[in-house]
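Residue numbers (the UniProt record's numbering), protein chains in the order written: chain R, 1 to 473; chain B, 1 to 473; chain G, 1 to 473.
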């Protein structure tokens, strides 16, 4: 291994010296740009309360399902990694033990973006100089713990250290937005933005649905006894989000279906759901209908519509029962866009001011469906490679598969979708490097001039995410 | 930007110097070969009438849906780009205004093949030396307009200038072939060939179907009152195409289904269609049945069968109503070949003299379905990457995905499918460069010897398209 | 061409000199490792009888459907290549004639792995120094024939010459295992292992099913008159395989469905099958049910479960009738894993000691389904690229698509699936070169350190296949 552990300045740039030289020039144009992080899962409380991150295990291991799933696949268990459970297995409470298990499994992350992000964070943010392993675990733990304990190592300070110009959180549709109001009062109103996420309210056959409806009614201060009440309450909450600075809504449906129902049928299904007699097929049709309604509301209130479809959640029964959602058992499925988005795009695809950003974890649709759609409908932008595809080679494949049909101007630019706060600088930096490499190849192949490539790199890193998420009028 | 604007001799060759050096040698073997353009959409009238191309907007912008769709996706409208409409919006009639809008949007084409082709045509054919932009639009307009106005800048002269040995047009099945006869009289009979395109006749539930049947009946001089009449008339028109020099038929169905019906059922559906009572499911079954019949007729008359499935046409309702088809709203869908082609290949896949060429806009099927099928059935050849996939990186992916299973001998070689006449040299040149790069890599990796690679490059550019579209016996 | 014909020491390594230099270092760590060949189709009789391979046509051409399909696609016929038939066409019996036809078609293999493997075998094993062609066919024939006739050129001796540490055969579930016992007696018990392949027994609507059941009953020495008998007999035969050294079962279903039936329904379908009244839908449901049962039995006896789904067998009717299965007419179809494997993984995916290895010929599922599944379920390993995908560029794509989500530790390492014995060294060597190239790129891009890359290369070539196929307890 390199001795001591360092980050090479050319990491993730193409190996070919010609292309690398060009890529270096392009990367120089974006390296120091502020971070625009328009979608993610960092809890708003962190910024509102601005409290300490706890210990290395709480910061890096326990909440990161990218990381825990890999260790589970190699024989670890979630409780031994500190993940709380309703199960009988004892949950590890010693953060140092958890950290040791993580470091002992370091080799399993080879070739993954988790490895790349962690390496970046440990070296850049924490100054670690030795590769994690069973042998080095304790020393690294102490080093990371000491940094975390520093008074300046707080969420708000890190916004500056990480050069984050703006960051969006993801919030329940019925959220009080109290934390965002506190942030606004403290001068962070333009810097930490809420995002309206109504998924559980749109899936009328979920066990939690009626509880969610009650929460919505309370938040909107409007009884929800009918479909029309429901639309009214949703509209009211969207408006509250707009007032709190939101730029976007976010939708994580299984399919991308957007076929609207007529009002009579929508009311009928809603009433059946209230009565507890809704069928799975009705619920599925209703969720597609509601995506259409969300788009319609976006044309009213200007919220950008983010669609993240195609993931079958909680694939394994027992881990879901024991540990809850978001523990690594979410697996993509084939996702269709051409026919599914047709009703929505036919209705709103040329609407001025409406923006829909489509993400996918199904690479097949890049060249076949999403790039052709984004390449003609003014309202549609192609999101950045998402989740499992937010990785160096996958990002390169995205550029190669989508650009020739959609161009760059129909894309969202980089969007990070991060849960692990300390990985944000690594992710943005990596995306900038991959884009520099891709653009560098276009220049090396004389398909683009260098000045165009550098300008495009700045678009992808900074200007396009700003343009894709405009402030509502 | 490079100053002045020029085409680099190594453009679209691999960046790595080792591979580029080899690729240059391979490309030298194909660079000056004549163009064999066996499929496309250049109107036959252009060659028959040999008249002027009008103005820069008419030549480059208005008829090119690759180009207009990108500008539409960025907020332009088709009427402002000169595209005629039944809509109320005023259609721009000043070609210079249209040209300015195109040049102002030049940046949106970065990374697309449209950019690559346009750059090639503007520099090579028109001698343009500055990059298009709002600032340079007028000067480029004047330069292009002057060249278009030259007496020698006529379709037939360009066949020589572009080194086009043979070009096929695409013609309605009921076409009179008058233009092709005139071309034959003028000595262009072996150089401009018709192609038999019966799609609207095979989809019995389209609004226009009965009009099409009437046109067929008139062209074939045979009343079409029954399924048997219909087959007779189709057969007669195919024969007329063969006599006019046609090499192939072309089929643009939504699915690749080729399951035959029995005669009783085929007759029943046909009669229902005449009576206006056919269902969508019946029409779909009938269209698959007719692909099977088209293959059967090909075994009789020797016309090569081209299949271009998998595109959902006219995705947006309002633009279709206002502007008609082929305006950029055609979006690919998942396409299945293994089961769909089975009836046809089972019946005719080993028939001597039958050739089917399968194209796709669904990259997923290259390695999974089409290459395995083409790698065993003597009748099947794998067409070149089509439409959205006729692009540098997509062509490279095609070679990488299909060659290992199908080899080179089971491919059609390059087929351009062009509507924009001036892009033909650019497209063939680009394909030769990409193939040189791919073959150069095989040589650099010692998987092929240089003499084999050069011979294969000539196959792909010239011999295979000739062999794939033989003259009917 | 290179003169004389030789194998370049850097073949199949990346062209870029920087990456090639690193890849050479990594390849040096695996080049001389023994071969662990845990799945394949070399007949066990060859090793049991240790007899001569006959002639060059019998060794290289007649049994290799990769090779014959390509020649058929170019107009040869199977009988002219010596493939026996029930058809009227005369079967070529002169091996020299067959060999000439193969050599005359050598150019059609350009760019295919068959070409790469054959070149490796002809040069390395047979010392051939000229490229095959119509002109060189006879001389090469004589050279190969002479080597085959050498007393030392026998299967067991070649195990040493090829450095094969262990090789698995594939055996019918009702096999007597006589040959394996003879091998054990001769000291080859740990070197040539059987594999339990029950496919024809699990598809209850196949014409041969009742014959297969009779063979199972005889082998297990247990009457099979009911579903419970059937499970008992299967269990007994699995145990016999374990005792004969088997490590794994192998399953070649069309779909990956693993949904279990309840016992009543399973018994009912089984009885219907015995009575000859089973429907296609029942048979399909039963085959999925039996995959679940096979997994359950694996948790009892420790046999690793290999799943090879997604191939539609015998696509063309006439060749199947005339020549039987495995003649090149097996074509992949879309294959779904996320929902299909859910019942099995939900039940056994965390079972200690259970291992399932999933292979695919549908590249789309790498990043979308198989890597996410293998990246969390401890029981699941991702198999090596299979069949059409066991090729240089396809192997590279597999690494690039799967590693970022699954890492290396969740993979089987290289598994060759070979029918053509002499290609085994070529295949393993090629896989090691491709992995060295991929890992070399990660090092060149500073995403991995060189020591980690070399260790990982050894994992993929040697340690992981051993670990993925542990001896049952």
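Quick reminder that beta carbons are idealized off the backbone N, C-alpha and C, glycines included.
Checklist entry - Using the beta-carbon of each residue, which ones in chain R are nearer than 9 Å to residue 414 of chain G? => result For residue 414 of chain G, there are no C-beta contacts with chain R under 9 Å, since the nearest C-beta of that chain is about 16 Å from it.
Checklist entry - Taking one C-beta from the stretch 84-104 of chain R and one from the stretch 48-64 of chain R each time, how about it: are there three or more such pairs within less than 8 Å? => result A contact between stretches requires three or more CB pairs, one per stretch, nearer than 8 Å, and the stretch 84-104 of chain R meets this requirement with the stretch 48-64 of chain R.
Checklist entry - In chain order, what residues of the same chain have a beta carbon less than 6 Å from the beta carbon of residue 18 of chain B, not counting five sequence neighbours either side? => result The residues are 444.
Next on the checklist: Any beta carbon of chain G sitting closer than 8 Å to that of residue 363 of chain R?
Outcome noted: Yes, its Cβ sits closer than 8 Å to a Cβ of chain G.
Next on the checklist: Using a 10 Å radius around the Cβ and a threshold of 16 neighbouring Cβ atoms, would you call residue 185 of chain B buried or exposed?
Outcome noted: Exposed, by the Cβ-count rule.
Checklist entry - Taking buried to mean at least 16 other C-beta atoms within 10 Å of its own C-beta, is residue 8 of chain B buried or exposed? => result Exposed, because fewer than 16 other Cβ atoms sit within 10 Å of the Cβ of residue 8 of chain B.
Item to check | residue 201 of chain G versus residue 348 of chain B - alpha carbon distance | outcome: When rounded, the distance between both Cα atoms is 33 Å.
Next on the checklist: Report the CB separation of residue 368 of chain R from residue 363 of chain B in whole angstroms; it is logged as a contact under 8 Å.
Outcome noted: The beta-carbon distance between residue 368 of chain R and residue 363 of chain B, rounded to whole angstroms, is 7 Å. This is short enough to meet the 8 Å contact definition.
Checklist entry - Should residue 464 of chain G and residue 453 of chain G be called a contact, given that it needs their Cβ atoms to be closer than 8 Å? => result Contact: no.
Checklist entry - Taking Cβ positions, are residue 108 of chain B and residue 417 of chain B nearer each other than 8 Å? => result Their beta carbons are not under 8 Å apart, which means residue 108 of chain B does not touch residue 417 of chain B by this criterion.
Checklist entry - For residue 8 of chain R, which residues in chain G fall below 7 Å Cβ to Cβ? => result Near residue 8 of chain R (Cβ distances below 7 Å), the residues of chain G are 446.
Next on the checklist: Quick check for students: name the residue ranges of the beta strand (DSSP E) that lie wholly in the stretch 292-333 of chain R, counting only runs of 3 or more.
Outcome noted: The qualifying runs are 304-307.
Checklist entry - Expressed to the nearest angstrom, what Euclidean distance is found between the alpha-carbon atoms of residue 380 of chain R and residue 301 of chain G? => result Distance from the CA of residue 380 of chain R to the CA of residue 301 of chain G, rounded to the nearest whole angstrom, comes to 54 Å.
Next on the checklist: On the CB-based measure, 16 or more other CB atoms within 10 Å of its CB, does residue 90 of chain B come out buried or exposed?
Outcome noted: So residue 90 of chain B ends up on the exposed side.
Next on the checklist: Is there a Cβ of chain R sitting closer than 8 Å to that of residue 338 of chain G, yes or no?
Outcome noted: Taking a beta-carbon distance threshold of 8 Å, residue 338 of chain G counts as an interface residue toward chain R.
Checklist entry - Is residue 349 of chain G close to chain R, meaning its C-beta is less than 8 Å from at least one C-beta of that chain? => result Interface annotation, residue 349 of chain G: in contact with chain R, CB-CB separation under 8 Å.
Checklist entry - Mapping DSSP to helix, strand and coil, what is residue 177 of chain R? => result Judged by DSSP in its simplified three-state form, residue 177 of chain R adopts coil rather than helix or strand.
Checklist entry - Beta-carbon of residue 257 of chain G versus every beta-carbon of chain B: anything under 8 Å? => result For residue 257 of chain G, the answer is no, since every Cβ of chain B falls outside 8 Å of its Cβ.
Item to check | Where residue 136 of chain G falls: helix, strand or coil (DSSP) | outcome: Note: residue 136 of chain G maps to coil in three-state DSSP.
Checklist entry - Mind checking residue 142 of chain G: buried by the 16 CB within 10 Å criterion, or exposed? => result By the neighbour-count rule (16 or more Cβ atoms within 10 Å), residue 142 of chain G is not buried but exposed.
Checklist entry - Of all the residues that make up the stretch 154-177 of chain B, which are near chain G by a beta-carbon distance shorter than 8 Å? => result Cβ contacts with chain G come from no residue of the stretch 154-177 of chain B.
Checklist entry - Going along the stretch 367-378 of chain B in order, which residues come within less than 8 Å of chain G, judged by CB to CB distance? => result Listed by position along the chain: 367, 368, 369, 371, 372, 373, 374, 375, 376, 377, 378.
Next on the checklist: Measuring straight from C-alpha to C-alpha, what distance separates residue 248 of chain G and residue 383 of chain G?
Outcome noted: A direct Cα-to-Cα measurement between residue 248 of chain G and residue 383 of chain G gives close to 13 Å.
Next on the checklist: Just to confirm, is the Cβ distance from residue 226 of chain B to residue 270 of chain B under 8 Å?
Outcome noted: Yes, they are a contact pair.
Checklist entry - Nearest chain G C-beta to residue 199 of chain B closer than 8 Å, yes or no? => result With its beta carbon at least 8 Å from every one in chain G, residue 199 of chain B lies outside the interface.
Item to check | the stretch 69-88 of chain R in contact with the stretch 34-51 of chain R per 3-pair CB rule at 8 Å | outcome: Contact between the stretch 69-88 of chain R and the stretch 34-51 of chain R is not established, with fewer than three Cβ pairs separated by less than 8 Å.
Item to check | Close Cβ partners of residue 477 of chain R (< 8 Å) along its chain, the five nearest in sequence each way excluded | outcome: Summary: the structure shown does not reach residue 477 of chain R, with chain R confined to residues 1 through 473, and so no result is reported for it.
Checklist entry - Given that residue 462 of chain R touches chain G, what residues does it touch there, using C-beta distances under 7 Å? => result Ordered by position in chain G, no residue passes the 7 Å Cβ test against residue 462 of chain R, which lies about 24 Å from the chain.
Next on the checklist: So, at 6 Å on beta carbons, what are the nonlocal neighbours of residue 114 of chain B in its own chain, with the 5 sequence-adjacent residues on each side left out?
Outcome noted: Close CB contacts of residue 114 of chain B within its chain, under the 6 Å cut and outside five residues either way in sequence, are with 66, 67 (chain order).
Next on the checklist: For a quick check, are the C-beta atoms of residue 170 of chain B and residue 192 of chain B less than 8 Å apart?
Outcome noted: Going by C-beta atoms, residue 170 of chain B is not nearer than 8 Å to residue 192 of chain B.
Item to check | Cross-chain neighbours of residue 74 of chain G in chain B, by beta carbon under 9 Å | outcome: Result: 378, 407, 409, 410.
Checklist entry - For residue 418 of chain R, which three-state DSSP category applies? => result Three-state result, residue 418 of chain R: strand.
Item to check | 3 or more residues per run - each beta strand (DSSP E) lying fully within the stretch 223-268 of chain G | outcome: Correct list: 248-251.
Next on the checklist: Against chain G, does residue 16 of chain R count as a neighbour if the rule is that its beta carbon must be under 8 Å from one of theirs?
Outcome noted: So yes, residue 16 of chain R belongs to the interface.
Checklist entry - When you compare each of G:267, G:436, G:408 to residue 468 of chain G by their alpha carbons, which one comes out closest? => result G:408 is the residue among G:267, G:436, G:408 whose C-alpha sits nearest the C-alpha of residue 468 of chain G.
Item to check | residue 179 of chain B to residue 44 of chain B span [Cα, whole Å] | outcome: Roughly 7 Å between the two C-alpha positions.
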